[in-house]
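S.K.: Residue numbers (this note's numbering), protein chains in the order written: chain X, 672 to 1005; chain C, 70 to 683. Where is the CB? At the ideal position from N, CA and C, for every residue including glycine. In this text the structure is predicted, and so the values were computed from the model without any measurement. Below is one structure. I have some questions about it.
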Amino acid sequence: MRHFAIIGVLILILTPLVYLGVDAAHVMPIEASAQSLTVDWMWNMDVAVLSFLFAVVMVPLVYSLIVFRRRQGETGDGQPIEANTKLEVTWTVIPLLLVMVFAYLGAYTLGQTRIADPNALEINVTAHQWDWSFDYPQGFTSNELHLPINRQVVLKMQSLDVIHSFWVAEFRIKQDIVPGRVTDYRITPILIGQYTVRCAELCGSRHAYMERPVIVSSQADYDAWVTQQAAAAAALVARGGPDAGKVMAAQNGCGACHSLDGTKLTGPTWRGLPGSQVQLSDGTTVAADEAYLTQSIVDPNAKVVLGFPSGIMPKFNLTDAQVKAIVAYIETLK
Amino acid sequence: MRKLFASALARGVLWQLAGWLTGALVITGIRMVMGLKPLDTFFFTEPAWVFGAFIGVLSFIAGSGIVGDWFKWAKGQQTPEHREDPDGWEKYVGISLDHKVIGIQYAVTSLVLLVVGGSFALIFRTELAQPGLQFLTLQWYNTLMSLHGIVMIIGILVGVAGVMNYLVPLLIGAQDMAFPRLNAFSFWIVVPAVILLLSSLALGGFDTGWTGYPPLSARAPVGMQMFFLGVFTAGWSSILGGLNLIATTLRMRAKGMTAFRMPILVWGAMATSLITLTATQLIGLAFQLVMFQRLLGMGFFDPAKGGNPILFQHLFWFYSHPAVYVFVLPGLGVISELLPVFVRKPLYGYRWIAMSSLGIALVGFLVWAHHMFASGMNQYLQVPFMYSTLLVAVPTGVKFFSWLATIWKGKIDFPTPMLFVLGGIVVFLIGGLSGPPNATVATDLHLTDTYFIVGHFHDTIFGGYVFPFFAAIYFWFPKATGRRMNERLGKLHFWIMTPAFLTLTLLMMRIGMLGMRRRIADYDPALGFEGYHIVMTIAGCLIAFSVLIFLVNLVRSVRHGEKAEGNVWNSRSPEWQVPSPLPSHNYENPIEVIGEPYDYGVAGSQYIKFSKGH
């Protein structure tokens, strides 16, 4: 009996110690979304029960190893205790009940993170190897995701090539983006600050660098930014020409695959491209004129450069004016 | 040296390479006749490499001679039922039908693969010590990371097969496995598979991780195909090995060895074999579909052609989740098998432990989609898969509580195998307890695809496989060789590896929660993880160092270990009741079971007796 009393006391001591220890270690990043509060609540419930289970196994284990170790000069075997059906049923049924409680809590918290606001702000997200771009309803594209605080946003996410995954650690929720469909991601930012979206699904060699800033600001700051970006975008399209093309190329992440310094990335470099003779994988040669450059953007697999696999570059959603500006920009890179 | 070159191993490998070249040349020739481009980035074109590799595997089978007896039978010829093995090391590089030799072949292959896969990990672990790229390119990082995964997995599957092959016939009192030639085939097919896997290093590697998700895997270099073919080939070993083990356990038990009088490890082996026999096909199928998508343009997973990338993930995880139970069930069986010996008490709740192995195997088939909570699969699947996943905790809990009750009031000794058993219990506990946060969906949406998963996974596999595997080697080494491994080196191995490993995985979980994604070659210095990564790299090096101590101990003890031909551990198990090492066909006199297997401390009780002659 004495053994059980000591073990019981030790479990009662160890359980809160483990729980508080995990809590004090600040294992989670700051909470920047309404959903993160739910996730962290569920996490704390998990940790509470797991601390108890950890103590329930570790205390008797370590206690036995110390108290029942074979002492010097001691011979013989232990007591032949075989089994006790009541005990076995107990430690089958109690975990089963715990499982049911946790399954309920798990389903409940999942539901909480999924509550949809019909007035949510809608932003289109495009992921491709290895960059993000964000299309706003006001008709401009940015490499920064700006969100107003305390308003639910639904990201309509698309991938142009392989599977990517949208993850902002401070928001908690993670969602894969599968090519060929639109995937929703709902979040309600609750803390002003700058965060980073990082691709969480291995998507090829530069996967580690597929990161872009996420900025949560006040509604007023957000509105000001949107107005300014929309005006700048309209001005850019109106202006056209190589300078505008340079900005558009950056916004669409062209540089992820096409270098400007001659380095061979996933696609051919743009440096020295205009006016050069390009060897294609079908054995022919073509002059890199305006028509070729335009076709290579609009229909990327029509003419594939020798040494590069086909089917890699996706078709981007670009207007004719944008394509024209980007081509004009490339033509300056002699 | 000449003996080595004349061995089945050398012949098989040479034939494989010759077959590979021939197959590739044939396709290249056909392409030239058809006017297609004959050569590509990696010299041959992809179809030529793949067809050649396939012919290479068939050539290995033909050249090594593992199917010779079957062909002779088909032609109506007789072959001797038993084959005499040569003495010494030659029998390990030749075709043996003795399950003990095959078991050792498996175990040695497993150790080689674990060392290779571990070295890959050490290379990229060192790369991660600092942010930025130091000495690896992105593609090399991804290839080594992917190969680490699959080489370890094949290494573990092979190690599991080694433990089961060596022990199960001994434990149930059989002369050998039910199908000795199939058994040899199951082992030898692993060799060409491993050559295929490693050949991907020379063919551009692959950057998809061992999961090989399309569309990424449909775009990777030719090395991807070698990965697919390698896994496909190795799968045959699992399927046929599982079949053989089930047949052996069902049909070849000694007199009186009823189901509930079998040593408990046999239950673990049985549960594992049921999984390998029935689930391995799915990963082979999934990979084959991607191979066909690449070679023949069949768009199974290509949305542009009406395919669905998520379907691949379902097929893949339908095997790959149960596979982790393949890794751990025999290991947990080893823990249950060894605990009674070192606490000198009966195994508590034998029937419950036996049933929990089957329970885990069964529930393990119903949980695969918990790998896909963030994948974009239908949302209504999330809750049922959460339920089934949490359910795994119940049979696993039964094992833990039964182990605790077994230790309770024992007379506990701490030789090296016992240390590894206890280390396995603690590490597996941490692996198990870090599981439920991945099951409750909302928390998983944060934790999935981060280092938290990496830490959780390594804890379950080290606790469920690596620690018990080491325990098994230290424990049964005297049975196989008649000599003991050095205790002092064994304890050194344990006391370096365990703290280093716990540090490594706990830090993995920590940085994962704070934002460290898995499978990245580089990380943002702004996250402030550099210090953690340095500690983790040092811990990784310490683990490698401790394994080096183990290998030195192993090799040295084969020749110079202390003689130990008797019942070194004072075990009740049948294999220890006869002198070590055992001759082929095991027991000279058949065994008869007359009592319970684990009645330590019961005066006058006996588990088995030997009948006099046939």
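Can you tell me whether residue 823 of chain X is buried or exposed, with buried defined as 16 or more other CB within 10 angstroms of its CB?
M.R.: Start at 1 with the first residue of the first sequence, and residue 823 of chain X comes out as number 152. It is buried - the Cβ of residue 823 of chain X has at least 16 other Cβ atoms within 10 Å.
S.K.: Considering only C-alpha positions, which residue in the set C:86, C:258, C:80 and C:413 is nearest to residue 668 of chain C?
M.R.: For the purposes of this step, residue 668 of chain C is taken as residue 599 along the second sequence, with counting starting at 1. Taking only the C-alpha atoms, the option nearest residue 668 of chain C is C:413.
S.K.: Give a single yes or no on whether residue 590 of chain C has its beta carbon closer than 7 angstroms to a heavy atom of the ligand COA.
M.R.: This structure lacks the ligand COA, and indeed carries no ligand of any kind.
S.K.: DSSP state of residue 853 of chain X, grouped into three classes?
M.R.: Looking up residue 853 of chain X in the first sequence gives position 182. Residue 853 of chain X falls in the coil class under three-state DSSP.
S.K.: Report yes or no: is there a C-beta of chain X within less than 8 angstroms of the C-beta of residue 512 of chain C?
M.R.: What you label residue 512 of chain C is simply residue 443 of the second sequence in a count that begins at 1. Output row for residue 512 of chain C: interface = yes.
S.K.: Can you check which of these residues, C:510, C:513, C:514 and C:465, is closest to residue 498 of chain C by C-alpha distance?
M.R.: Translated into positions along the second sequence, residue 498 of chain C becomes position 429. Selected option, being the one with the closest Cα: C:465.
S.K.: Give me the chain X residues within the contact set of residue 148 of chain C, using Cβ-Cβ distance strictly less than 7 angstroms, ordered along the chain.
M.R.: Stepping through the second sequence from its first residue, residue 148 of chain C is reached at position 79. Chain X residues near residue 148 of chain C: none, gap ~48 angstroms exceeds 7 angstroms.
S.K.: Under 8 angstroms Cβ to Cβ from residue 155 of chain C, same chain only, skipping five residues before and after it: list those, please.
M.R.: In the second sequence, the residue the question calls residue 155 of chain C occupies position 86. Same-chain partners within the cutoff: 163.
S.K.: In its own chain, which residues sit with a C-beta less than 8 angstroms from the C-beta of residue 834 of chain X, not counting the 5 before and 5 after it?
M.R.: In the first sequence, residue 834 of chain X corresponds to position 163, counting from 1. Correct list, in chain order: 847, 848, 849, 850, 872 and 874.
S.K.: What in chain C is Cβ-close to residue 700 of chain X, meaning under 7 angstroms?
M.R.: Here residue 700 of chain X refers to the residue found at position 29 of the first sequence. Result: 583 and 584.
S.K.: State the beta-bridge partners of residue 828 of chain X as determined by DSSP.
M.R.: As a first step, residue 828 of chain X must be located in the first sequence, where it is residue number 157. X:796 and X:854.
S.K.: Can you give me, in chain order, the residues of the stretch 721-749 of chain X that have a beta carbon less than 8 angstroms from any beta carbon in chain C?
M.R.: Per Cβ criterion, the list reads 721, 724, 725, 728, 729, 731, 732, 735, 736, 739, 740, 741, 745, 747, 748 and 749.
S.K.: Going along the stretch 191-213 of chain C in order, which residues come within less than 7 angstroms of chain X, judged by CB to CB distance?
M.R.: Correct list: 207, 208 and 211.
S.K.: Using three-state DSSP, classify residue 929 of chain X as helix, strand or coil.
M.R.: Position 258 of the first sequence, counting from 1, holds the residue named residue 929 of chain X. Residue 929 of chain X falls in the coil class under three-state DSSP.
S.K.: Can you find the residues in the same chain that come closer than 6 angstroms, C-beta to C-beta, to residue 190 of chain C, ignoring five residues on each side of it along the sequence?
M.R.: What you label residue 190 of chain C is simply residue 121 of the second sequence in a count that begins at 1. Counting only Cβ-Cβ distances below 6 angstroms, and skipping sequence neighbours, we find 217.
S.K.: For residue 509 of chain C, decide whether its Cβ has a neighbour in chain X, counting only Cβ atoms nearer than 8 angstroms.
M.R.: Stepping through the second sequence from its first residue, residue 509 of chain C is reached at position 440. So yes, residue 509 of chain C belongs to the interface.
S.K.: Taking a Cβ distance cut-off of 7 angstroms, strictly less, list which residues of the stretch 437-467 of chain C are near chain X, in chain order.
M.R.: The stretch 437-467 of chain C vs chain X, Cβ under 7 angstroms: 443, 444, 445, 451, 452, 455, 456, 459, 460, 462, 463, 466 and 467.
S.K.: Given residue 772 of chain X, which residues of its chain have a CB within under 7 angstroms of its CB, disregarding the five upstream and five downstream residues?
M.R.: Along the first sequence, one-based indexing puts residue 772 of chain X at 101. So the list is empty, once near-sequence residues are dropped.
S.K.: Have a look at C:649, C:295 and C:137 and flag the residue whose alpha-carbon is nearest the alpha-carbon of residue 117 of chain C.
M.R.: Your numbering for residue 117 of chain C matches position 48 in the second sequence. Considering only alpha carbons, the answer is C:295.
S.K.: Tell me the start and end of each unbroken beta strand (DSSP E) in the stretch 942-991 of chain X that is at least 3 residues and wholly inside, in chain order.
M.R.: Here the runs fully enclosed are 948-950 and 956-958.
S.K.: By how many angstroms is the C-alpha of residue 653 of chain C removed from the C-alpha of residue 169 of chain C?
M.R.: Here residue 169 of chain C refers to the residue found at position 100 of the second sequence. Here residue 653 of chain C refers to the residue found at position 584 of the second sequence. Taking the straight line joining both Cα atoms gives about 8 angstroms.
S.K.: Are residue 911 of chain X and residue 920 of chain X close, meaning C-beta to C-beta below 8 angstroms?
M.R.: For the purposes of this step, residue 911 of chain X is taken as residue 240 along the first sequence, with counting starting at 1. For the purposes of this step, residue 920 of chain X is taken as residue 249 along the first sequence, with counting starting at 1. Against a cut-off of 8 angstroms, the Cβ pair of residue 920 of chain X and residue 911 of chain X comes out as no contact.
S.K.: What residues in its chain sit with their C-beta under 8 angstroms from that of residue 576 of chain C, if we drop five residues either side in the sequence?
M.R.: Locating residue 576 of chain C in the second sequence gives position 507, where the first residue counts as 1. Within the same chain, residue 576 of chain C has close Cβ partners 524, 601, 604, 605 and 608.
S.K.: Counting pairs of Cβ atoms below 8 angstroms between the stretch 488-502 of chain C and the stretch 692-707 of chain X, do you hit three or more?
M.R.: In short, these stretches do not touch, since the Cβ pair count stays below three.
S.K.: Mind checking whether residue 957 of chain X and residue 935 of chain X have CB atoms under 8 angstroms apart?
M.R.: Counted from its first residue, the first sequence places residue 957 of chain X at position 286. Counted from its first residue, the first sequence places residue 935 of chain X at position 264. Taking 8 angstroms as the Cβ cut-off, residue 957 of chain X and residue 935 of chain X do not qualify as a contacting pair.
S.K.: Please name the residue, chosen from X:995, X:686, X:708 and X:712, that lies closest to residue 724 of chain X on a Cα-to-Cα basis.
M.R.: Against the first sequence, residue 724 of chain X aligns to sequence position 53. Of the candidates X:995, X:686, X:708 and X:712, the one whose C-alpha sits nearest the C-alpha of residue 724 of chain X is X:686.
S.K.: Residues of chain C with CB closer than 7 angstroms to the CB of residue 773 of chain X, please, in chain order.
M.R.: The residue given as residue 773 of chain X occupies position 102 in the first sequence. Near residue 773 of chain X (Cβ distances below 7 angstroms), the residues of chain C are 459, 505 and 509.
S.K.: What number of angstroms, rounded off, separates the C-alpha of residue 96 of chain C from the C-alpha of residue 120 of chain C?
M.R.: By 1-based counting over the second sequence, the position of residue 96 of chain C is 27. By 1-based counting over the second sequence, the position of residue 120 of chain C is 51. Their Cα atoms are separated by approximately 7 angstroms.
S.K.: Given that residue 671 of chain C touches chain X, what residues does it touch there, using C-beta distances under 8 angstroms?
M.R.: Numbered from its first residue, the second sequence carries residue 671 of chain C at position 602. Neighbours of residue 671 of chain C on chain X, chain order: 751.
S.K.: For residue 262 of chain C, which residues from the same chain have a beta carbon less than 6 angstroms from its beta carbon, with the 5 sequence-adjacent residues on both sides left out?
M.R.: As a working note, residue 262 of chain C is residue 193 in the second sequence. Excluding positions up to five away in sequence, the list reads 299, 302 and 303.
S.K.: Fully enclosed by the stretch 184-230 of chain C, which alpha helix (DSSP H) runs are 4 residues long or longer?
M.R.: List check, alpha helix (DSSP H) in window: nothing returned.
S.K.: With distances taken Cα to Cα, identify the nearest neighbour of residue 318 of chain C among C:362, C:237, C:308 and C:290.
M.R.: Here residue 318 of chain C is taken as the residue at index 249 of the second sequence, counted from 1. Closest by alpha carbon: C:237.
S.K.: Output, in sequence order along the chain, the residues in the stretch 867-878 of chain X whose CB is closer than 8 angstroms to any CB in chain C.
M.R.: Here the close residues are 867, 869, 870, 871, 872, 873, 874, 875, 876, 877 and 878.
S.K.: Nearest chain X C-beta to residue 684 of chain C closer than 8 angstroms, yes or no?
M.R.: The structure shown does not extend to residue 684 of chain C, since chain C is modelled only from 70 to 683, so the question has no answer here.
S.K.: Under the DSSP definition of a beta bridge, which residues are partnered with residue 867 of chain X?
M.R.: For the purposes of this step, residue 867 of chain X is taken as residue 196 along the first sequence, with counting starting at 1. For residue 867 of chain X, which the question treats as bridged, DSSP gives the partners X:884.
S.K.: Taking its Cβ as the centre, do 16 or more other Cβ atoms sit within 10 Å of residue 74 of chain C, making it buried, or is it exposed?
M.R.: Sequence index remark: in the second sequence, residue 74 of chain C carries index 5 (1-based). Exposed.
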